[in-house]
Structure formats: structure tokens, C-alpha cells
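Taking the numbering used here, the leading residue of the sequence shown gets 7, the next gets one more, and so forth.
Just so you know, even glycine gets a beta-carbon here, dropped at the ideal spot from N, CA and C.
All values reported here derive from a predicted model rather than from experimental measurement.
Step one of this worksheet: look at the structure below.
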Amino acid sequence: MAKSWHKVVVLGSKSVGKSSFITRKLCGVFEETLNTKTKSRDFFETNHKYKEETYNFRIYESNSQREVSEMPMVFLDARAAVIIYSCKSGESCREVADWINQVRANFHNEMSIPIVICESNIDTQDKKETDFSKVEKQYGELPEVEGCVQTSAKLGTGIDEAFDHLAEAIKRREYRRRPMTPPEPSPDPIPCPYLCSCFFFF
Ligand SMILES: Nc1nc2c(ncn2[C@@H]2O[C@H](COP(=O)(O)OP(=O)(O)OP(=O)(O)O)[C@@H](O)[C@H]2O)c(=O)[nH]1
Ligand SMILES: [Mg+2]
């Protein structure tokens, strides 16, 4: 039976704002002093409305220091991924390429899951170390990248837009994956009252 939820993996280097991104979507709040240092493989459920349809997302935050051997578990059943880097960290931006490779490696030769790239912390423009237009140019054309979005968990900017991209990607790929439905069996021939009456007559 088809699952009614979609697992989304949230990836990214240390302290880029993964938990804050999820918390903003789930609870609509932001904590300046959030210092959870995510260790466990938590998952959270949220509904997202997009184009008259409701998508139930199961969001998994992956610990940035996760062992490579654990990654197949992280990606098991995943339907989409969000890769977050912070505009305050050029290093986290350069590491986006590694995260894309992680996703690719875990799907071997199969079609990769769709990826949405988020530049977080955009409310802190003064400490900026990255160039979003360059990121869009570098990754936006990759077949698995569904969109690049600038986000701020503090202001709530771009978070729903990122989920819209996920919903759109899932919708489109579900459609492509849908098996061909066999043709409907032709209905039983309707007995013709005229013919019956003819037989009766003879
Ligand atoms: N100003 C601002 N601060 C943010 C934003 N997002 C996250 N932060 C802050 O950045 C710090 C790290 O955020 P987390 O959400 O814990 O980052 P993380 O990627 O989950 O961290 P790890 O799980 O430890 O890798 C926290 O102090 C947050 O309050 C944002 O959009 N704007
Ligand atoms: Mg975290």
C-alpha cells in the first residue's frame, strides 16, 4: 500500500540552523539560544498545504557528524532532502557539494531524491560569507535540485517556500512513478431486449 507520508531528510554542516528550520515549520517559533546539538535521529511530523493538497512530511534531522556507515539508515525510505548551509559560514556552503554527493551515493544508480538547498540565517546579512546567486548557478541546474531558497528561521522567511518545492517535487515524481494502469475490462455486453424477443419469437 502506498505510504501517506513522505520522509524528508534535513542535512547540513554543524550549527547551520537545521533544528531551527524544523522548529519554525513545526511550532512557528524561533529560539535565539537554541543549543540542542542534535545527536539522535529524531523525526517530526508536519502537514503542509500546497495547491489544494495536504502533504504529511516526516522530517528527520541528520546529525552533521553522522558516520558514513549510518547514512543508508538515514536515507531509508526518504522521498526528498533539504540541504542547509548558513550565509554566515562559507565552509558550510562549500560543504553543500559533499552533502549532494552523500545523497547521490546512497541512491546508487537509481534516480536521486529531489533536493532543496536552503541558505539560512539571511536575517544576519552583516556577517555574510556566501553569494546566493553563485549557489543558484552552481547547483540550481542539477537535475535533482528542485530549488534554492533563502531562509530565516528567526523571521520565518522562506521556510514554507522550501516546503512548497518539496511538495511540488514529490507531486511530479509520484506522477512519473505511477504504474501504467491496465485498461478497464470491457463491461459485460448488455442483453438486447430486441434480440431476446426475436429468439422468443422463433
Ligand atoms: N539569527 C538567526 N539565527 C539562527 C537562525 N537559524 C538558526 N539560528 C541560530 O543558530 C544556532 C544553531 O542553530 P541550530 O538550529 O541548533 O543548528 P543545527 O544545524 O540544528 O545544529 P546541530 O544540530 O548542532 O548541527 C542557534 O543559536 C540558533 O538560534 C536564523 O535563521 N537566524
Ligand atoms: Mg540540530
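With a threshold of 7 Å on Cβ separation, who are the neighbours of residue i within its own chain once the five nearest residues in sequence on each side are excluded?
i    : result
M186 : Bear in mind that the predicted position of M186 carries a pLDDT of just 49, short of 50, making it unreliable; the figure below should be weighed with that in mind. For M186, where only same-chain residues beyond five positions count, there are no Cβ hits under 7 Å.
V15  : Y66, S68, V80, F81, A84 and A87
K13  : R64, Y66, D83, A84 and R85
G153 : V122 and H171
W105 : L17, G18 and I89
S118 : V109, R110 and E150
R179 : P120
Give me, in chain order, the residues of the same chain whose beta-carbon lies closer than 6 Å to that of residue i; leave out the 5 immediate sequence neighbours on both sides.
i    : result
F81  : N112
K20  : S70
K134 : C93
A159 : G23, S26, F27, R30 and F36
L32  : F50 and T52
Which same chain residues, not among the five before or five after residue i, have their C-beta less than 8 Å away from its C-beta?
i    : result
W11  : E51, N62, F63 and R64
Y56  : F169, D170, A173, E174 and K177
P78  : N112
D132 : none
Would you say the beta carbon of residue i comes nearer than 7 Å to a heavy atom of ligand 2?
i    : result
K24  : yes
E135 : no
E37  : no
E152 : no
E67  : yes
Alpha carbons only, please: which of the options is nearest the one belonging to residue i?
i    : options                  : result
T157 : R30, Y145 and Q144       : R30
A173 : F27, E59 and E142        : E59
T163 : G34, S25 and N107        : G34
F169 : L161, P120 and L148      : P120
E167 : R178, E125, P78 and E150 : E125
R110 : T39, F49, E150 and L161  : E150
T136 : Y56, H114 and G96        : G96
I165 : I128, Y145 and G146      : I128
A38  : T130, A175, A103 and F49 : Here residue 38 is Glu; the residue named in the question, Ala, does not match the sequence. Of T130, A175, A103 and F49, the residue nearest in Cα terms is T130.
A103 : M117, A175, G146 and P78 : G146
L148 : L161, N107 and H114      : N107
So residue i packs on residue j, CB below 8 Å; how close in whole Å?
i    : j    : result
E101 : Y91  : 7 Å
C99  : V155 : The pair is not a contact, with the Cβ atoms about 14 Å apart (cut-off 8 Å).
Using a Cβ-based criterion (distance less than 7 Å to any ligand heavy atom), does residue i qualify as near ligand 1?
i    : result
K20  : yes
K55  : no
D132 : no
A87  : no
D166 : no
Length at least 4, wholly inside the region 123–178: the alpha helix (DSSP H) runs in chain order: 138–145
In chain order, each beta strand (DSSP E) run of at least 3 residues that lies wholly inside the region 66–98: 84–92
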